[in-house]
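Visitor: Structure incoming, see below.
2 protein chains.
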Amino acid sequence: MVETIPPRSGTAFTLDRGQTLTVIDPEGKQVADLLAFSRNDLREVISSGRTLDYASRLYLTTGDPLYSNRSNVMLRIVEDTVGRHDFLLTPCSKDTFRIIYGDTDPHRGCFGNLAAAFAPYGVTEDDIPVAFNCFMNVPIDGLTGSFTVEPPLSGPGDHIRFTAEMDLIIGLTACSALQSNGGAFKPIQYRID
Amino acid sequence: MVETIPPRSGTAFTLDRGQTLTVIDPEGKQVADLLAFSRNDLREVISSGRTLDYASRLYLTTGDPLYSNRSNVMLRIVEDTVGRHDFLLTPCSKDTFRIIYGDTDPHRGCFGNLAAAFAPYGVTEDDIPVAFNCFMNVPIDGLTGSFTVEPPLSGPGDHIRFTAEMDLIIGLTACSALQSNGGAFKPIQYRID
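Chains A and F are the protein sequences, given in the same order.
Just so you know, we're using the numbering used here here: the first sequence kicks off at 1 and counts up by one.
Just so you know, we're using the numbering used here here: the second sequence kicks off at 194 and counts up by one.
Rendered as structure tokens:
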């Protein structure tokens with residue numbers, strides 16, 4: 001059954017070891033921030049630093065494992081029709097909209113949406129690390145290290161699929177930042193098998 | 194007064210708002226992993242994801258602020274004689290040496306050294322995020338996103354200086370990984386003014 005996350009919102013759900021999670025961009029050019037915590041111990045959480053170090057690559061795709069802060073594999077990418085995702089940047093937040101966009105009455109962003117969705121599971125704001133940002137397109141200038149946030153390369157129906165290698169709590173959003181999503185806020189869909 | 198951190202070890206100390214911390218590479222080509230926690234609330238910690246997002250640049254240098262997970266400035270780089278540091282990778286650990294180097298009896302690495310040094314302050318292993326890796330040279334291929342860990346660009350006496358913008362607990366190491374340090378383990382020095 002396909003679930004829909006409305007534009008600029010987020011959700012959290014459990015994913016059992018061995019299940020697969022498919023994250024779908026139904027309309028195209030829409031980012032979905034993904035976070036994972038271990039159900040056995042909430043202090044074990046997805047880690048960009050560990051994952052990138054072991055991959056020696058910023059752009060992850062089919063076959064790549066996503067590690068926790070304790071160097072255990074949490075998820076593995078088993079299918080990817082896009083091939084460009086970001087694992088550098090924290091979920092957009094009130095502070096992002098204040099500092100980068102200059103908004104005076106900022107949206108709570110993916111960060112606020114994730115914190116609200118995780119609250120029933122006991123995960124708090126300070127526990128939220130760098131997310132695996134599905135479909136987020138952050139090209140990097142290798143010479144200067146400068147990067148920009150460009151529209152996703154995903155078209156309607158593109159998707160990325162993960163298998164869970166431990167029992168997890170997953171947070172997932174339809175990202176709230178204009179820059180990341182080609183200037184429009186669209187839904188995200190997901191399916192658990 | 195200049196303090197010396199012996200090769201493959203680490204330390205932790207307090208740094209008051211307004212003080213400056215100078216991290217010195219006395220012999221050249223040696224990395225120093227740096228972490229910062231707020232003294233007022235250990236749940237506020239240095240954040241690569243926030244910092245890189247606001248800088249739109251992977252390579253940070255003079256003038257750049259280092260943000261916390263709550264989007265407050267913790268430290269600001271005020272002098273930098275090298276211009277190449279890493280803010281992508283977690284401190285090297287037993288798991289790093291096991292997974293990347295294939296060691297059967299792995300060193301505890303910067304991660305273990307930092308955890309031990311932070312223990313008296315109440316910071317635990319799971320609290321340790323991506324470090325700001327002074328002098329660590331991680332060139333990136335912008336096209337593929339692949340990166341390598343190369344010898345630091347620092348020569349003897351090169352240094353980076355930070356001012357504290359809040360009361361902090363700092364962790365600092367002389368990095369324990371061969372790859373990061375041009376194949377030899379050297380000391381790191383620091384000074385607080």
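Yeah, the Cβ is synthetic: ideal placement off N, Cα and C, and Gly gets one too.
At what residue ranges does the segment 267 to 353 of chain F contain a whole run of the beta strand (DSSP E), taking only runs of 3 or more?
Guide: You should have 325 to 327.
Visitor: Could you check what DSSP says for residue 261 of chain F in three-state terms: helix, strand or coil?
Guide: Locating residue 261 of chain F in the second sequence gives position 68, where the first residue counts as 1. It is a strand residue.
Visitor: In angstroms with no decimal places, state the Cα-to-Cα distance between residue 274 of chain F and residue 350 of chain F.
Guide: Taking the first residue of the second sequence as position 1, residue 274 of chain F is located at position 81. Taking the first residue of the second sequence as position 1, residue 350 of chain F is located at position 157. Cα to Cα, the separation comes out at about 9 Å.
Visitor: Going along chain F in order, which residues have a C-beta closer than 7 Å to the C-beta of residue 141 of chain A?
Guide: Looking up residue 141 of chain A in the first sequence gives position 141. Chain F residues near residue 141 of chain A: 335.
Visitor: Where does residue 184 of chain A sit, in a helix, a strand or coil, going by DSSP?
Guide: In the first sequence, residue 184 of chain A corresponds to position 184, counting from 1. Coil, per DSSP.
Visitor: Does the Cβ of residue 313 of chain F have 16 or more other Cβ atoms within 10 Å, making it buried, or fewer, making it exposed?
Guide: One-based indexing of the second sequence puts residue 313 of chain F at position 120. Per the 10 Å Cβ criterion, exposed.
Visitor: Can the beta-carbon of residue 47 of chain A be found less than 8 Å from the beta-carbon of residue 283 of chain F?
Guide: Working through the first sequence from its first residue, we reach residue 47 of chain A at position 47. Working through the second sequence from its first residue, we reach residue 283 of chain F at position 90. Contact flag set, yes.
Visitor: Of the residues that make up the segment 47 to 59 of chain A, which ones have a beta carbon closer than 8 Å to any beta carbon in chain F?
Guide: So the list reads 47, 48, 49, 50, 52, 53, 54, 56, 57, 58 and 59, given in the order they occur along the chain.
Visitor: Identify the contact partners of residue 100 of chain A in chain F, using a Cβ-Cβ distance below 9 Å as the criterion.
Guide: Taking the first residue of the first sequence as 1, we reach residue 100 of chain A at position 100. The contacting residues are 246, 247 and 249.
Visitor: Using 8 Å as the threshold, is the C-beta distance between residue 18 of chain A and residue 164 of chain A below it?
Guide: Taking the first sequence and counting its residues from 1, the one referred to as residue 18 of chain A is at position 18. Taking the first sequence and counting its residues from 1, the one referred to as residue 164 of chain A is at position 164. Yes, the Cβ-Cβ distance between residue 18 of chain A and residue 164 of chain A is below 8 Å.
Visitor: In terms of residue numbering, what span does the alpha helix (DSSP H) encompassing residue 171 of chain A cover?
Guide: As a position in the first sequence, residue 171 of chain A is number 171, starting the count at 1. Looking at the DSSP string, residue 171 of chain A is not in any alpha helix (DSSP H); the run it does join, the beta strand (DSSP E), is 168 to 173.
Visitor: Is the beta carbon of residue 251 of chain F closer than 8 Å to that of residue 87 of chain A?
Guide: To locate residue 87 of chain A, count along the first sequence from 1; it is residue 87. To locate residue 251 of chain F, count along the second sequence from 1; it is residue 58. No, these two residues do not count as a Cβ contact at 8 Å.
Visitor: Between which two residues does the beta strand (DSSP E) holding residue 242 of chain F run?
Guide: Numbered from 1 along the second sequence, position 49 holds the residue referred to as residue 242 of chain F. Residue 242 of chain F -> not in any beta strand (DSSP E); alpha helix (DSSP H) instead, spanning 241 to 248.
Visitor: The segment 317 to 330 of chain F: which residues have C-beta closer than 9 Å to a C-beta of chain A, in chain order?
Guide: Hits within the stretch, in order: 317, 318, 319, 320, 321, 322, 323 and 324.
Visitor: Cβ of residue 180 of chain A within 8 Å of Cβ of residue 25 of chain A?
Guide: For the purposes of this step, residue 180 of chain A is taken as the residue at position 180 of the first sequence. For the purposes of this step, residue 25 of chain A is taken as the residue at position 25 of the first sequence. It is not a contact, given that the beta carbons lie outside the stated cut-off.
Visitor: Count the other C-beta atoms from every protein chain shown that fall within 10 angstroms of the C-beta of residue 44 of chain A, then say buried if there are 16 or more, exposed otherwise.
Guide: Looking up residue 44 of chain A in the first sequence gives position 44. Result: buried.
Visitor: Using a Cβ-Cβ distance under 8 Å, would residue 340 of chain F count as near chain A?
Guide: In the second sequence, the residue the question calls residue 340 of chain F occupies position 147. It does; some Cβ of chain A falls within 8 Å.
Visitor: Which chain F residues are close to residue 181 of chain A, counting only those with a beta carbon under 9 Å from its beta carbon?
Guide: Within the first sequence, the letter at position 181 stands for residue 181 of chain A. Ordered by position in chain F, no residue passes the 9 Å Cβ test against residue 181 of chain A, which lies about 15 Å from the chain.
Visitor: Give the DSSP-derived three-state secondary structure of residue 223 of chain F in the structure shown.
Guide: Counting from one through the second sequence, the residue named residue 223 of chain F turns up at place 30. Here residue 223 of chain F sits in coil by DSSP.
Visitor: In this structure, does DSSP put residue 189 of chain A in helix, strand or coil?
Guide: Locating residue 189 of chain A in the first sequence gives position 189, where the first residue counts as 1. Of the three classes helix, strand and coil, the one that applies to residue 189 of chain A here is strand, per DSSP.
Visitor: Kindly confirm or deny that the segment 215 to 230 of chain F and the segment 317 to 330 of chain F touch, where touching means at least three C-beta pairs closer than 8 Å.
Guide: Yes, they touch.
Visitor: To the nearest angstrom, report how far apart residue 214 of chain F and residue 204 of chain F are at their CA atoms.
Guide: The count along the second sequence starts at 1 and reaches residue 214 of chain F at position 21. The count along the second sequence starts at 1 and reaches residue 204 of chain F at position 11. When rounded, the distance between both Cα atoms is 14 Å.
Visitor: Going by DSSP, which residues form a beta bridge with residue 228 of chain F?
Guide: Mapped onto the second sequence, residue 228 of chain F falls at position 35. For residue 228 of chain F, which the question treats as bridged, DSSP gives the partners F/364.
Visitor: Taking 7 Å as the limit between beta carbons, can you name the residues of its chain near residue 232 of chain F, skipping five residues before and five after?
Guide: Numbered from 1 along the second sequence, position 39 holds the residue referred to as residue 232 of chain F. Excluding positions up to five away in sequence, the list reads 207, 360, 361 and 362.
Visitor: Between the Cα of residue 123 of chain A and the Cα atoms of A/42, A/9 and A/143, which residue gives the shortest distance?
Guide: One-based indexing of the first sequence puts residue 123 of chain A at position 123. For the residues A/42, A/9 and A/143, the minimum Cα distance to residue 123 of chain A belongs to A/42.
Visitor: Please confirm whether residue 288 of chain F has its beta-carbon closer than 8 Å to some beta-carbon of chain A.
Guide: For the purposes of this step, residue 288 of chain F is taken as residue 95 along the second sequence, with counting starting at 1. True, the Cβ-Cβ gap to chain A drops below 8 Å.
Visitor: Indicate whether residue 109 of chain A and residue 177 of chain A have their beta-carbon atoms separated by less than 8 Å.
Guide: Locating residue 109 of chain A in the first sequence gives position 109, where the first residue counts as 1. Locating residue 177 of chain A in the first sequence gives position 177, where the first residue counts as 1. For residue 109 of chain A and residue 177 of chain A, yes; Cβs fall inside 8 Å.
Visitor: Could you give the C-beta distance for residue 79 of chain A and residue 62 of chain A, rounded to a whole number, given that I count them as a contact under 8 Å?
Guide: As a working note, residue 79 of chain A is residue 79 in the first sequence. As a working note, residue 62 of chain A is residue 62 in the first sequence. The Cβ separation is near 6 Å, so the contact holds.
Visitor: Hey, how far is the Cα of residue 285 of chain F from the Cα of residue 195 of chain F?
Guide: In the second sequence, counting from the first residue as 1, residue 285 of chain F sits at position 92. In the second sequence, counting from the first residue as 1, residue 195 of chain F sits at position 2. For residue 285 of chain F and residue 195 of chain F, the distance between alpha carbons rounds to 25 Å.
Visitor: Evaluate residue 129 of chain A with the Cβ neighbour count: other Cβ atoms within 10 Å of its Cβ, from every protein chain shown; 16 or more gives buried, anything less gives exposed.
Guide: Locating residue 129 of chain A in the first sequence gives position 129, counting from the first residue. Buried, since its Cβ has 16 or more Cβ neighbours within 10 Å.
Visitor: Comparing C-alpha positions only, which one of A/37, A/67, A/34 and A/192 sits nearest to residue 49 of chain A?
Guide: By one-based count along the first sequence, residue 49 of chain A stands at place 49. It is A/67 whose Cα lies nearest to the Cα of residue 49 of chain A.
Visitor: Going straight from the alpha carbon of residue 76 of chain A to that of residue 197 of chain F, what length do you get?
Guide: As a position in the first sequence, residue 76 of chain A is number 76, starting the count at 1. As a position in the second sequence, residue 197 of chain F is number 4, starting the count at 1. Approximately 42 Å between the Cα atoms of the pair.
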